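Numbering (the working numbering), first residue to last: 62 to 228. Contents: one structure, followed by commentary.
Written out as structure tokens, the structure reads:
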């Protein structure tokens, strides 16, 4: 009680300090904290990033039970070994960004995108067009004209096409 305790490893600079006044265990940069009887996982700080690594890559998950992981606005999750994409909340919008703009698509497999009534899908860098379902009709809204290419436009039986209707 009342003393700091330092544990030294075999490699210079690899040490752990129990700082009694702070009540913390402190490890130098690049000093691993290892878990499991077979050295199954490591946690270490390399001076820039906190690294959490299973002994065999892909052999396990990081599991958060009973809570969530929170990120500050404009902080996010980066995916891919080449930091290929990021998902973040910028304070207003959820942003999904590939590392290089135009380098990939957002792909959803085994499901779809569901929007509540009257919410819209906005298209164009200037929010040029929207598509929404208003609980009764599908509404296409654009500053320009609607262009249908690649096939015929079919109108169902009992339905019509109104051209130039002023009401």
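All residues carry an ideal CB built from backbone N, CA and C; glycine is no exception. Keep in mind the model is a prediction, meaning the values are calculated, not measured.
Q. Which residues share a DSSP beta bridge with residue 87?
A. Answer by DSSP bridge pairing, in chain order: 78.
(Q) For residue 190, list the residues DSSP reports as bridge partners. (A) DSSP output for residue 190 lists 184, 203 as bridge partner(s).
Q) Would you call the CB atoms of residue 181 and residue 196 closer than 8 Å? A) no
(Q) Please list the terminal residues of the continuous beta strand (DSSP E) segment that includes residue 149. (A) Residue range 146-150 is occupied by the beta strand (DSSP E) that includes residue 149.
Q. With distances taken from CA atoms, which of 81, 198, 202, 107 is nearest residue 188?
A. 202
**Q.** Enclosing beta strand (DSSP E) for residue 69 [first to last residue]
**A.** 66-69
Q.
Which residue wins for smallest C-alpha separation from residue 98, given the options 115, 78, 69, 140?
A. 115
Q. When DSSP builds the beta bridges, which residues end up paired with residue 95?
A. 103
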